Amino acid sequence: MSRLLRRVLTSAHTHRNFKPAALHRSLWPAASLPDSDGPAFAVKLTMEPKLYQPPPGVRGMTSLDKEAFTQTITVPALRVPTGVLNKVIKSLRKSTIQRPGMTRVLHDTEDNGEFRLVLLDPHRVSSTSSFSEAEAEALRSFDVAEELQSHELLLTYDNLKSEEVLEAVLPLGQDVTSGFSRVGHIAHMNLRDHQLPYKNLIGQVIMDKNPGVTCVVNKTNIIDSTYRNFKMEVLAGEENMVAKVKENGVMYEFDFSRVYWNSRLSTEHQRVVQLTKRGDTVFDVFAGVGPFAVPAARSGANVWANDLNPESYRWLQHNCKINKVDGKVRTFNMDGRAFIQGPVKQELPALLKGKGSIHVVMNLPALALEFLDAFRGLLHHEPPCDENLPTVYCYGFSKEDSPDTDVVNRASRSLGFPLENRCSVHFVRNVAPNKDMMCVRFTLPKEVLFSSNDEQTEPSVEPAPKRQKCMETTDSI
Ligand SMILES: C[S@@+](CC[C@H](N)C(=O)[O-])C[C@H]1O[C@@H](n2cnc3c(N)ncnc32)[C@H](O)[C@@H]1O
-16 MSRLLRRVLT SAHTHRNFKP AALHRSLWPA ASLPDSDGPA FAVKLTMEPK
34 LYQPPPGVRG MTSLDKEAFT QTITVPALRV PTGVLNKVIK SLRKSTIQRP
84 GMTRVLHDTE DNGEFRLVLL DPHRVSSTSS FSEAEAEALR SFDVAEELQS
134 HELLLTYDNL KSEEVLEAVL PLGQDVTSGF SRVGHIAHMN LRDHQLPYKN
184 LIGQVIMDKN PGVTCVVNKT NIIDSTYRNF KMEVLAGEEN MVAKVKENGV
234 MYEFDFSRVY WNSRLSTEHQ RVVQLTKRGD TVFDVFAGVG PFAVPAARSG
284 ANVWANDLNP ESYRWLQHNC KINKVDGKVR TFNMDGRAFI QGPVKQELPA
334 LLKGKGSIHV VMNLPALALE FLDAFRGLLH HEPPCDENLP TVYCYGFSKE
384 DSPDTDVVNR ASRSLGFPLE NRCSVHFVRN VAPNKDMMCV RFTLPKEVLF
434 SSNDEQTEPS VEPAPKRQKC METTDSI
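Counting from 1, position 205 in the sequence shown corresponds to residue 188 in this note's numbering; the numbering is continuous, with no gaps.
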């Protein structure tokens, strides 16, 4: 019996409860094997593209049976003297096997600790000629025999990536999206209809494969409630919906199932907060749990923050406390229009005479543009100069071909004043195919703030051309 075959047989793990059907043949040409002298290794080289594919029996599984993923595969290995092991691994780092939860260095059972077996990636190494010039040179310099060993390896559920598990389980030919967004310990998914029969298995796999995720939820409806939160179903893990999240260095806590939170807005929160300075005043009309209000207060602004959702209001207050800015943020739980026509109206006259800049943030993209009419004729006594008029940051969704023009037109109509050439428009993000989130920034015109409603004239604005409509996703928030 050849030395190699003997080695395979002695080093192979013995497993009683799995079918050897998935056992792979030799992955390198018989000619390149060290001392191939029998038919056992005279197998033609075929590079197996799906070497790590789980056994076919797992297809259609709806309740996770981890054992069913266990199989044995054969991988190439190098016998490396223990003294140069670390150097060899460093030199071969592109060629060694890299699987989740798998060790690539094994004791060589035939030696007394003088050698180790370094497992190689069968996708990269099929014969010794697969080594790059630099790798081959390193092996020579460390006196490592360029002979490939064959090693039988137990591949388990723990060694598979989530996509590999889900691709093997879900129906062939159907989309396997294992994507999710993460909010603290919660992974939230947006499963399609064909994935629903597998929802609990998918949840379990996502939890197993992502350290720190202890709860997986599926959004069960398109966001449509006033408070912009989703209905959610727990697919796997604990039913604890209170998330702790750090955004731009600030901690937030909130019940993710009852308030609005979107980690994809962190850059936008930072962009706007950076435009505020110590001593400025910020009115946050749709504040949520505080991702504009809290950091603005931390950088020295005086903040007036409002949200209609009593849960958001509660967590907003909590976040002000844990970030020690409760003395800088006044919180309100009312409709945005009432907030503008109440606390904002009350504070503005004194602030307009002051030095600090005034900012009004309106992040409710589905509706905020329509709230701008609340500023029409808000104040009666025009100040002597208009240097310190508030800057408004108003968000809007657009499905038009020219979203910039669209949001400016809508803001102008709502204000009753043409904003064209008097504002800037910032593209925030694409929320769905053909649907963009935009931010219109402008100085609130004194003609709007101090007009009487009778004086209002509708601005003449051309409607923006329509874009071809298509399906929205639940990301359309
Ligand atoms: C898109 S979220 C934005 C929250 C926060 N500003 C952020 O950036 O994460 C809009 C918020 O407006 C609140 N809201 C919805 N309708 C409102 C209204 N009529 N008046 C005040 N707040 C409202 C919702 O509860 C939600 O927290």
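Glycine included, every Cβ here is placed at the ideal spot set by N, Cα and C. Since we're looking at a predicted model, the values are computed, not measured.
Exposure label - residue i; buried when at least 16 CB within 10 Å
i: residue 257; result: exposed
i: residue 24; result: Residue placement at residue 24 is poorly supported in this model, since its pLDDT is 22, which falls under 50; the coordinates are not used for a value here.
i: residue 348; result: buried
i: residue 156; result: exposed
i: residue 443; result: With a pLDDT of only 49 at residue 443, under 50, the local geometry of the prediction cannot be trusted, and no value is derived from it.
i: residue 407; result: exposed
i: residue 11; result: Here the model assigns residue 11 a pLDDT of 30, short of 50, so the residue's position is not dependable, and the following value carries that caveat. Burial call: buried.
i: residue 179; result: exposed
i: residue 54; result: buried
i: residue 333; result: exposed
i: residue 461; result: Here the chain comprises residues numbered -16 to 460, so residue 461 is not present and cannot be evaluated.
i: residue 136; result: buried
i: residue 92; result: exposed
i: residue 94; result: exposed
i: residue 202; result: buried
i: residue 32; result: Reliability of the predicted coordinates at residue 32 is poor, the pLDDT of 47 falling under 50, and no value is obtained from them.
i: residue 117; result: exposed
i: residue 306; result: buried
i: residue 86; result: exposed
i: residue 158; result: exposed
i: residue 222; result: exposed
i: residue 66; result: exposed
i: residue 419; result: buried
i: residue 73; result: exposed
i: residue 364; result: exposed
Proximity winner among the options, relative to residue i (alpha-carbon distances)
i: residue 97; options: 398, 127, 307 and 364; result: 127
i: residue 194; options: 222, 159, 145 and 150; result: 145
i: residue 244; options: 228, 418, 143 and 233; result: 228
i: residue 304; options: 235, 263, 112 and 429; result: 235
i: residue 172; options: 371, 95 and 163; result: 163
i: residue 474; options: 49, 94 and 100; result: Residue numbering for the chain in the displayed model covers -16 to 460; residue 474 lies beyond these limits and cannot be assessed.
i: residue 183; options: 300, 44 and 352; result: 44
i: residue 102; options: 132, 118 and 215; result: 132
i: residue 233; options: 261, 74 and 273; result: 273
i: residue 324; options: 359, 399, 414 and 124; result: 359
i: residue 340; options: 284, 319, 346 and 391; result: 284
i: residue 168; options: 434, 277 and 239; result: 239
i: residue 147; options: 83, 389 and 65; result: 83
i: residue 315; options: 416, 288, 301 and 338; result: 288
i: residue 78; options: 115, 51, 248 and 57; result: 115
i: residue 49; options: 57, 141, 393 and 56; result: 141
i: residue 217; options: 174, 419, 36 and 249; result: 174
Residue i CB to nearest heavy atom of ligand 1 below 6 Å
i: residue 292; result: yes
i: residue 238; result: no
i: residue 295; result: yes
i: residue 318; result: yes
i: residue 243; result: yes
i: residue 346; result: yes
i: residue 278; result: no
i: residue 355; result: no
i: residue 232; result: no
i: residue 352; result: no
i: residue 248; result: yes
i: residue 379; result: no
i: residue 271; result: yes
i: residue 401; result: no
i: residue 274; result: yes
Identified DSSP bridge partners for residue i
i: residue 202; result: 215
i: residue 57; result: 135
i: residue 220; result: 198
i: residue 238; result: 225
i: residue 314; result: 288
i: residue 99; result: 63 and 90
i: residue 424; result: 376 and 407
i: residue 330; result: Paired residue(s): none; residue 330 is not in a bridge.
i: residue 185; result: Its beta-bridge partners do not exist; DSSP assigns none.
7 Å Cβ cutoff, residue i in contact with chain D
i: residue 203; result: The chain labelled as chain D is not found in the depicted structure, where only one protein chain is given.
Contact test: residue i Cβ vs ligand 2 heavy atom, cutoff 6 Å
i: residue 167; result: Of the ligands this structure carries, namely ligand 1, none is ligand 2.
- Inside the region 257 to 311 only - alpha helix (DSSP H) runs reaching at least 4 residues: 276 to 281 and 293 to 305
- Query: Hey, which unbroken runs of the alpha helix (DSSP H) at 4 residues or more fall wholly within the region 56 to 95?
  - Reply: 68 to 74
- Task: Could you name each continuous beta strand (DSSP E) segment of 3 residues or more that falls completely within the region 119 to 179, going from the start of the chain to the end?
- Result: 131 to 138, 164 to 166 and 169 to 172
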